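*Asks:* First the structure, which I've put down as structure tokens, then a few questions once you've had a look.
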Amino acid sequence: MKTLKEMLAEARQVVPEEGPADLQRRLQSGDKVVVIDVRDPDEYRDGHLEAATNISRGFLEFRVGTAVTDPSTPVVLYCQTGLRSLLAAKALKELGYQNVINLQGGFQKWTQSGLPVVKDVPMNADQIQRYSRHFLLPQVGDKGQRKLLRAKVLLIGAGGLGSPTALYLAAAGVGTLGLMDGDVVDITNLQRQVLHTTADIGKPKVESGTRTLKALNPDVHVIPLPMRITVDNVMDVIKDYDLIVDGSDNFETRYLVNDACFLAGKTNVHGSIFQFEGMATVFAPNEGPCYRCLYPTPPPPGLVPS
Amino acid sequence: MIGLVQATETVKLLLGIGEPLIARLLTYDALGMRFREVKLRRDPKCPLCGTSPTITDLSIHRNGAGGACEIAPDGRREPAVAAPAAKAGG
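As structure tokens, this is what we get:
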């Protein structure tokens, strides 16, 4: 009979190990790597690496295919101290995963090195039901839902574009939605601005919008910002958000949002509509063009209605 | 429709999944019920994100609404790609 020590020694001969600093470098490099936390779900919930997917040791061989689609992708496994994951890594090697690495010292050494961890707030029974269809999607899952719940999105405009966007983001469980609009609800808005109802006429759009979104999903923290976005407030407002959605209705605001997002390094999800036509794109600083690359100057006044 | 595209792109970006609509412009024509995709490229002469930017803060926006935009160094009025005309409307 083999002793545990012998089994671990055998595993070390076939599984390369890396320390926390090596893994952190890999994660920051942007190179493709899959990190799997092989501990039990309760250990994972108490704190884990943000990049990690939880597949506990007992299910690893059954579920690894959902997390690692290409067997040549580097896969880093970790557990609490690095022993369970060492044996797990050997099993994955035997399954044909070519590039499996064990995190030496495990989660314990990672935290002792002062590297960042995230802790999952347990979802309540309602949340588990509400997001159950997301959990079934391998690209979202429990981990993706938690990311959405932690995310902060700013919606500029609660009108024709902002209304549907806000409803869908709230329904999906995006945890914090900033809703910015300085207007009040007018009866002419109601045929398209579906955040607001007839009873809201005359009220600030952010007020009716907040109420609708909270009614749809009480999980969502809605921050009403009853003001226009201006050169004086834009930088201060956008700094708190992960992503900006521009649903504004005029060129001045679009250029302002574009410039501020680029300078602050924020991604801007842009959309505009006019009558029966619309367009959408994503302006990601330094990854693609910005609004000014697309429209160096606005169309002359009078050519387009505002 | 466009608001839903924005919502979908937002969720994708937050989750880091799929292919984001970066450097691509999706246009939608409701009457013809047609989508079209236009590839976008960065303009090296862009006053904001180009190689020698002239906009390094937001002061240009302090000069009144028009000042926000009248900055094309070469006086160009054509968009960088063959894109549909810019239109306002929320």
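Chains as they are written, first to last, in our numbering: chain F, 1 to 306; chain G, 1001 to 1090.
Each residue gets a CB set at the ideal place from its N, CA and C atoms; glycine is no exception.
None of these values were measured; they are calculated from a predicted model.
(1) With H, G and I counted as helix, E and B as strand and the rest as coil, what does DSSP make of A11 of chain F?
(2) Pull up the distance between the alpha-carbon of Y97 of chain F and that of S29 of chain F, whole angstroms please.
(3) For R25 of chain F, name the three-state secondary structure that DSSP assigns.
(4) Name the chain G residues whose beta carbon is nearer than 7 angstroms to that of V231 of chain F?
(5) In the structure shown, what three-state DSSP assignment does M235 of chain F receive?
(6) Mind listing the chain G neighbours of Q139 of chain F? Cutoff is C-beta to C-beta under 8 angstroms, in chain order.
(7) Enumerate in chain order the residues of its own chain whose CB-to-CB distance from G1050 of chain G is below 8 angstroms, with the five nearest sequence positions on each side excluded.
(8) Give a yes or no on whether 8 angstroms exceeds the smallest Cβ distance from G182 of chain F to chain G.
(9) Could you give the distance in angstroms between the alpha-carbon of N102 of chain F and the alpha-carbon of S113 of chain F?
(10) Which residue from F:P296, F:E277, F:P299 and F:V282 puts its Cα closest to that of L1031 of chain G?
(11) In whole angstroms, what separates the C-alpha of I156 of chain F from that of T73 of chain F?
(12) By the DSSP assignment, the beta strand (DSSP E) with L225 of chain F in it spans what residues?
(13) Which residues in the same chain have their Cβ closer than 7 angstroms to the Cβ of D200 of chain F, if we skip the five residues on either side of it in sequence?
(14) Can you give me, in chain order, the residues of the region 263-276 of chain F that have a beta carbon less than 9 angstroms from any beta carbon in chain G?
(15) For R1034 of chain G and chain F, any beta-carbon pair shorter than 8 angstroms?
(16) Going by the beta-carbon positions, is the gap between I1002 of chain G and A158 of chain F smaller than 8 angstroms?
(17) May I have the straight-line CA-CA distance separating Q129 of chain F from M123 of chain F, to the nearest angstrom?
(18) Grouping DSSP H, G and I as helix and E and B as strand, with all else coil, what is K90 of chain F?
(19) Output, in sequence order along the chain, the residues in the region 141-161 of chain F whose CB is closer than 7 angstroms to any CB in chain G.
(20) Under a CB-based cut-off of 8 angstroms, is T1051 of chain G close to chain F?
(21) Check each candidate in G:N1063, G:P1053 and G:K1039 and name the one with the smallest Cα separation from G288 of chain F.
(22) Exposed or buried, E94 of chain F, counting other C-beta atoms within 10 Å across all chains shown (16 or more means buried)?
(23) By Cβ distance below 6 angstroms, which residues in the same chain neighbour K314 of chain F in space, the five residues on each side in sequence not counted?
(24) Do you know offhand how far E10 of chain F's Cα is from F107 of chain F's?
(25) Roughly how many angstroms lie between the CA atoms of G1016 of chain G and Q13 of chain F, to the nearest whole one?
(26) If you check the beta carbons only, do A311 of chain F and I36 of chain F fall under 8 angstroms apart?
(27) Thinking C-alpha only, which one of F:M227, F:V33, F:D246 and F:A125 is nearest V206 of chain F?
(28) Would you verify that the beta carbon of T1054 of chain G is, or is not, closer than 8 angstroms to some beta carbon of chain F?
(29) To the nearest whole angstrom, what separates the beta carbons of T165 of chain F and H221 of chain F, a pair I think is in contact under 8 angstroms?
(30) Measure how close the beta-carbons of L216 of chain F and L167 of chain F come, nearest whole angstrom, since I'm counting them as under 8 angstroms.
(31) Would you mind sorting M1 of chain F into buried or exposed? The rule is 16 or more other CB atoms within 10 Å of its CB.
(32) Measure the C-alpha to C-alpha separation of E1019 of chain G and K1012 of chain G and round it to an integer number of angstroms.
(33) Reducing DSSP to helix, strand and coil, say where E17 of chain F ends up.
(34) Out of F:I244, F:V38 and F:T197, point me to the one whose CA is closest to V269 of chain F's CA.
*Replies:* This is what the structure gives:
(1) Here A11 of chain F sits in helix by DSSP.
(2) Each residue's alpha carbon lies about 22 angstroms from the other.
(3) Under the three-state reduction of DSSP output, R25 of chain F falls in the helix class.
(4) By Cβ distance, chain G contributes L1058, H1061 and R1062.
(5) M235 of chain F falls in the helix class under three-state DSSP.
(6) Ordered by position in chain G, the residues that pass the 8 angstroms Cβ test against Q139 of chain F are L1015, I1017 and G1018.
(7) Contacts found: R1042, D1043 and P1044.
(8) Not closer than 8 angstroms to any Cβ of chain G, the Cβ of G182 of chain F fails to qualify, so no.
(9) A direct Cα-to-Cα measurement between N102 of chain F and S113 of chain F gives close to 17 angstroms.
(10) That would be F:E277, whose Cα lies nearest to the Cα of L1031 of chain G.
(11) Linking I156 of chain F to T73 of chain F through their CA atoms gives a straight-line distance of about 39 angstroms.
(12) Taken as a continuous stretch (DSSP letters only), the beta strand (DSSP E) holding L225 of chain F covers H221 to L225.
(13) Result list for D200 of chain F: V185 and S208, in chain order.
(14) Result list: L263, T267, V269, H270, G271, S272, I273, F274, Q275 and F276.
(15) No, R1034 of chain G does not count as interfacial toward chain F.
(16) No.
(17) If I take the Cα positions, the gap works out to 10 angstroms.
(18) Looking at K90 of chain F - three-state DSSP - the assignment turns out to be helix.
(19) Of all residues in the region 141-161 of chain F, only G144, K147, L148, A151, V153, G157, G159, G160 and L161 place a beta-carbon less than 7 angstroms from a beta-carbon of chain G.
(20) T1051 of chain G does not count as touching chain F.
(21) The shortest C-alpha separation from G288 of chain F is found at G:K1039.
(22) Exposed, by the Cβ-count rule.
(23) No answer is possible for residue 314 of chain F: the residues shown for chain F start at 1 and end at 306.
(24) Their Cα atoms are separated by approximately 22 angstroms.
(25) Approximately 35 angstroms between the Cα atoms of the pair.
(26) Summary: the structure shown does not reach residue 311 of chain F, with chain F confined to residues 1 through 306, and so no result is reported for it.
(27) Measuring from the Cα of V206 of chain F, the nearest candidate turns out to be F:M227.
(28) For T1054 of chain G, the answer is no, since every Cβ of chain F falls outside 8 angstroms of its Cβ.
(29) Going by Cβ atoms, the distance from T165 of chain F to H221 of chain F rounds to 17 angstroms, so no, they are not a contact pair.
(30) Correct: roughly 6 angstroms between the Cβ atoms.
(31) Exposed, by the Cβ-count rule.
(32) The straight-line gap from Cα to Cα measures roughly 8 angstroms.
(33) Under the three-state reduction of DSSP, E17 of chain F is assigned to strand.
(34) Per the Cα distances, F:I244.
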